[in-house]
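Each step along the sequence shown adds one to the number in the working numbering, with nothing skipped, and position 80 is 80.
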Amino acid sequence: MRKIGIIGFGWLGSRIAQDIKENFEIYTTTRSQEKLQQIESEGFYVELAVFDDAEKNSPGRCWSIAPELDAIIITVPFSERRASRQSLQLKLSKLFSFIENYKKQIFFTSSTSIYPDEPRTFTEEMVLPQNVFIENLMRKAFPQINILRLGGLMGDSRLLKNFNISDLDAVVNHIHFKDISTIIQLMIEREVHSKIYNVVAPLHPAKREVIAAQNNISLKEIQYDKKQRIISSEKLISELDFTFEHPDPKYFHI
């Protein structure tokens with residue numbers, strides 16, 4: 001059985017692990033000492049690894065299993081909104097040391113938040129250089145890396161109706177975690193390298209439509225006059241010939 005490494009066993013990493021465990025032997029990391037036993041009980045190999053610059057337990061070592069892994073999925077967040085560039089660079093250097101000169105397939109889960117908050121349709125090329133600082137460092141270190149720019153993460157109990165929402169007429173750019181797992185598996189099988197994809201459900205209902213559907217409330221068809229901010233996944237759909245299992249965020253709860 002092929003071996004997959006998942007760096008970061010948070011909300012997304014744990015779900016990817018569960019979704020692909022039938023086809024792969026999973027090795028993962030957590031920053032929480034308390035979670036080690038729980039993760040092991042779920043059938044995964046796990047070790048403690050903390051990359052934050054403020055943490056004394058940050059790894060200064062390489063991941064011993066890395067050379068045996070067929071692919072590595074990095075789900076550790078690198079948000080420039082929450083940390084300075086200096087601290088992010090230090091965090092990255094620790095991550096790079098952890099997997100050293102890994103030459104096989106790598107995935108990095110980036111975010112569609114890199115695109116400006118403007119009313120237009122964004123494709124993968126429509127980015128400002130300063131907004132892809134982390135992505136560029138990743139690509140420089142690992143030219144083979146696949147960058148997956150994820151929309152708003154949804155699925156299970158993580159539904160829009162459970163959040164405090166403003167601007168209800170704005171459309172959503174969401175993605176169900178199941179489709180993320182499927183896309184990664186497909187790219188592993190096809191040995192895809194060095195790609196950048198927007199990973200967003202192809203339909204973009206308004207927030208009020210999504211919340212109404214999740215609360216089982218019927219709405220009349222809504223017409224919108226103003227242009228909206230839409231993240232396009234057409235490149236992914238075309239190049240991978242991919243069909244989303246969950247194309248419409250209104251029905252992520254079903």
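Glycine included, every Cβ here is placed at the ideal spot set by N, Cα and C.
If you're wondering where the values come from, they're calculated on a predicted model, not measured in any experiment.
So, is residue 123 buried or exposed, given that buried needs 16 or more other C-beta atoms within 10 angstroms?
-> exposed
Candidates 20, 15, 16, 179: closest to residue 1 by CA position = 20
According to DSSP, is residue 42 helix, strand or coil?
-> coil
Go through the region 124 to 183 residue by residue and report every complete run of the alpha helix (DSSP H) that reaches 4 residues or more, in order.
-> 133 to 141
Count the CB pairs spanning the region 16 to 33 and the region 79 to 95 that are closer than 8 Å, and state whether there are at least three.
-> no
May I ask which residues mark the beginning and end of the beta strand (DSSP E) holding residue 7?
-> 2 to 7
By DSSP, does residue 199 sit in helix, in strand, or in coil?
-> strand
Residue from 66, 216, 102, 199 with nearest C-alpha to residue 173 | 199
Of all the options 192, 8, 149, 9, which has the alpha carbon lying nearest to the alpha carbon of residue 114?
-> 149
Residues of its chain near residue 253, where Cβ-Cβ distance is below 7 Å and the 5 sequence neighbours each way are ignored = 159, 214
Which residue or residues does DSSP assign as beta-bridge partners of residue 26?
-> 4
So is residue 11 buried or exposed if we call it buried at 16+ other beta carbons inside 10 Å?
-> exposed
Alpha carbon to alpha carbon, what distance is there between residue 249 and residue 185?
-> 22 Å
Evaluate the contact criterion for the region 98 to 107 versus the region 160 to 169: three or more CB pairs, one atom per stretch, below 8 Å.
-> no
Out of 202, 84, 131, point me to the one whose CA is closest to residue 238's CA.
-> 202
Under the DSSP definition of a beta bridge, which residues are partnered with residue 74?
-> 7, 108
Whose C-beta lies closer than 7 Å to the C-beta of residue 289 among residues of the same chain, with five residues either side of it excluded?
-> Beyond the ends of the chain as shown, which are 1 and 254, falls residue 289; an answer cannot be given.
Residue 89, enclosing alpha helix (DSSP H) - first and last residue | 85 to 99
Tell me, please, which residues DSSP counts as bridged to residue 206.
-> 171
Label residue 146 either buried or exposed according to how many other C-beta atoms from any shown protein chain fall within 10 Å of its C-beta, with 16 as the threshold for buried.
-> buried
Cβ pair residue 138, residue 108 closer than 9 Å = yes
Burial state of residue 190, where buried means 16 or more other Cβ atoms lie within 10 Å | exposed
So what does DSSP say about residue 48, is it helix, strand or coil?
-> strand
Local conformation of residue 254 per DSSP, three classes = coil
Could you name the residues that DSSP lists as bridge partners for residue 65?
-> Paired residues: none, contrary to the question.
Could you please give the first and the last residue of the uninterrupted alpha helix (DSSP H) stretch that includes residue 237?
-> 234 to 240
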